[in-house]
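**Q** Numbered by our numbering, the letters in the sequence shown go through residues 170 to 485 in order.
Beta carbons: idealized from backbone N, C-alpha and C, even for Gly.
All of these numbers come straight from a predicted model, not from anything done at the bench.
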Amino acid sequence: MAPKNRLLKKGNKSAFIAAIVNTIIAIIKGIAYFFTGNVAMFAETMHSLGDAANQFFVFIGSALSKKTPTERFPNGFGRLVNLVLLGAVLIVGIMSYETIKEGYQHILHPTQSTGILMNLSVLALAVVLEAFVLYKAMKEVIHETHLDAKGLAIVPKSFTALKRAKPATKLVFMEDLVATFGGIIAIIGILLSHYADLYFAEGMASILIGLMMFYVVGRVFLDNAKGALGEADDDFEAEIAKYIYTNSEIRDIKTLYAMKEGEDYHIEMKLEIEPSLTVAQAIDIKERIEGKINEMKGVTDVIIEFEEDDGIQAWK
């Protein structure tokens, strides 16, 4: 049991916090929908249920991806988090369909819901909680990408750095961003329905929330399909190349690949060196470069090959 507990502690913290918060929110929204029958509240209940389930699977997947390589799986389990996320988006996809379908039915047959104070209070509370989780995810993005930002500066910088965040953190960020705005849309729909007698507005809000959920499904699916196949990180390759050229013995980089496997990086490179270097000197250079790259965030494996400089510049 102890090894399993240690493994779970390595799971993505943002996903764990988001799963707990969204479970609480889903229960509260579900109770409000039961008493009021509000279709916008139904959409938000489905949204929070989908997010909670999704983020729970993400937490488990991110923890399992940290398992030590075995004889059967010598390359480790880094890509497991991508596979889990590909499965998890199916849950959100089903929830999205149900949300849109319910909203469409309400537009065709609009009815007046009751309990506006309960609905608005629950949604306002949900927006605050979702915004809190979103801000935590933003801070996690800043931490994972090694940026320096505090206070409100975290918000804009987290958007620009999102591409380089871990898959699990990226999913939590996107889901809670949509959830926060979804709650605001639901509030607007309820207000229009109650005060302007536009009963179809709740159905429109439900459809908009469902479409935003589908957007998350599409983005997460594409990102993790790339991760499962093994996507090269151009920005990280450029960062490594910049360090490589600080070593005066290196004349050229013939090939350099930074393959992202889940939350980890597998680095392969072929470097050209001076022909006059001895084997012992080449080994020292190799160990120095390997040691430095292994210190970089997320790197788990480095493979370096040397060739004599051919005088033709390959790396641009």
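The beta strand (DSSP E) with ILE163 in it runs from where to where?
**A** The question about residue 163 has no answer here: the residues shown for the chain are numbered 170 through 485.
**Q** Would you say LEU440 and ASP470 are within 9 angstroms of each other, going by their C-beta atoms?
**A** Contact: no.
**Q** Establish whether the CB of LYS319 and some CB of chain C are separated by less than 9 angstroms.
**A** Judged by its chain identifiers, the structure shown contains no chain C, having just a single protein chain.
**Q** Quick one: is LEU377 buried, meaning 16 or more other Cβ sit within 10 Å of its Cβ, or exposed?
**A** Answer is buried; the Cβ neighbour count reaches 16.
**Q** Whose C-alpha, out of GLY379, LYS461, THR447, is nearest the C-alpha of GLU267?
**A** Of the listed residues, the one whose Cα sits closest to GLU267 is GLY379.
**Q** Less than 9 angstroms separating the beta-carbons of GLU344 and ASP220?
**A** Closer than 9 angstroms, so yes.
**Q** Taking just the CA atoms, how far does HIS312 sit from PRO336?
**A** Each residue's alpha carbon lies about 14 angstroms from the other.
**Q** How big is the Cα-Cα spacing for ALA318 and VAL324?
**A** In a straight line, the C-alpha of ALA318 is about 9 angstroms away from that of VAL324.
**Q** Should the stretch 186-203 be called in touch with the stretch 283-302, which here means at least 3 C-beta pairs below 8 angstroms?
**A** The stretch 186-203 vs the stretch 283-302: in contact.
**Q** Quick one, are the C-beta atoms of ALA355 and GLU213 less than 9 angstroms apart?
**A** Yes.
**Q** Going by other Cβ atoms of all chains shown within 10 Å of its Cβ, with 16 needed for buried, is SER375 buried or exposed?
**A** Its Cβ being crowded by 16 or more others within 10 Å, SER375 is buried.
**Q** Indicate whether the contact test is met: 3 or more Cβ pairs, each with one atom in the stretch 294-305 and one in the stretch 270-277, closer than 8 angstroms.
**A** These segments do not touch.
**Q** When you compare only the Cα positions, how much space is there between ALA370 and THR239?
**A** Whole-angstrom Cα-Cα distance: 55 angstroms.
**Q** Any idea which residues DSSP pairs LYS429 with across the strands?
**A** GLU400, TYR434.
**Q** According to DSSP, what are the bridge partners of ILE194?
**A** Answer is none; ILE194 lacks a bridge partner.
**Q** Determine the direct distance from the alpha carbon of PHE383 to that of LEU255, and round the result to whole angstroms.
**A** Going from the Cα of LEU255 to the Cα of PHE383 covers about 14 angstroms.
**Q** Could you tell me whether the Cβ atoms of ALA483 and LYS423 are closer together than 9 angstroms?
**A** Yes, the Cβ-Cβ distance between ALA483 and LYS423 is below 9 angstroms.
**Q** Please name the residue in TYR434, PHE301, LYS339 whose C-alpha comes closest to that of PHE246.
**A** Among TYR434, PHE301, LYS339, the Cα nearest to that of PHE246 is on TYR434.
**Q** Looking at the strands, I want to know which residues DSSP matches up with THR424.
**A** Note: THR424 sits in a beta bridge opposite LYS439.
**Q** Could you say which of ALA451, SER231, LEU340 lies nearest to VAL250 if we only look at CA atoms?
**A** Of the listed residues, the one whose Cα sits closest to VAL250 is SER231.
**Q** Skipping 5 residues on each side, what residues in its chain have a beta carbon closer than 7 angstroms to that of GLY352?
**A** Closer than 7 angstroms at Cβ, skipping near neighbours: GLU213, LEU292, ALA295, VAL296, GLU299.
**Q** Within the same chain, show all residues whose beta-carbon is closer than 6 angstroms to that of ILE472, passing over the 5 residues directly before and after it, in chain order.
**A** Within the same chain, ILE472 has close Cβ partners GLU437.
**Q** Given a cut-off of 9 angstroms, decide if THR280 and GLY206 are closer than it, judged by their beta-carbon atoms.
**A** Against a cut-off of 9 angstroms, the Cβ pair of THR280 and GLY206 comes out as a contact.
**Q** Buried or exposed for ASP453, going by 16 or more other Cβ atoms inside 10 Å?
**A** Exposed, because fewer than 16 other Cβ atoms sit within 10 Å of the Cβ of ASP453.
**Q** Going by beta carbon distance, what residues of the same chain come within less than 8 angstroms of ILE197, once the five residues before and after it are set aside?
**A** Here the set comprises VAL291, LEU294, ALA295.
**Q** Please identify the residue among ALA330, LYS485, ILE442, ARG457 whose C-alpha is closest to the C-alpha of GLU476.
**A** The shortest C-alpha separation from GLU476 is found at ILE442.
**Q** For VAL448, count the other beta carbons within 10 Å of its own beta carbon; 16 or more makes it buried, fewer makes it exposed. Which is it?
**A** VAL448 is exposed by the Cβ-count criterion.
**Q** I need the straight-line Cα distance from MET170 to MET307, nearest angstrom please.
**A** Interpretation of MET170 is limited by its pLDDT of 44, a score under 50 that renders its predicted location unreliable; no figure is taken from the coordinates.
**Q** Can you name, in chain order, every residue of its own chain whose Cβ lies under 8 angstroms from the Cβ of GLU464, other than the five neighbours on each side?
**A** Closer than 8 angstroms at the Cβ level, and outside the excluded window around GLU464, lies no residue.
**Q** Could you say which of TYR414, GLY372, LEU340, ASP403 lies nearest to LEU391 if we only look at CA atoms?
**A** Checked all of TYR414, GLY372, LEU340, ASP403; the closest Cα to LEU391 is LEU340.
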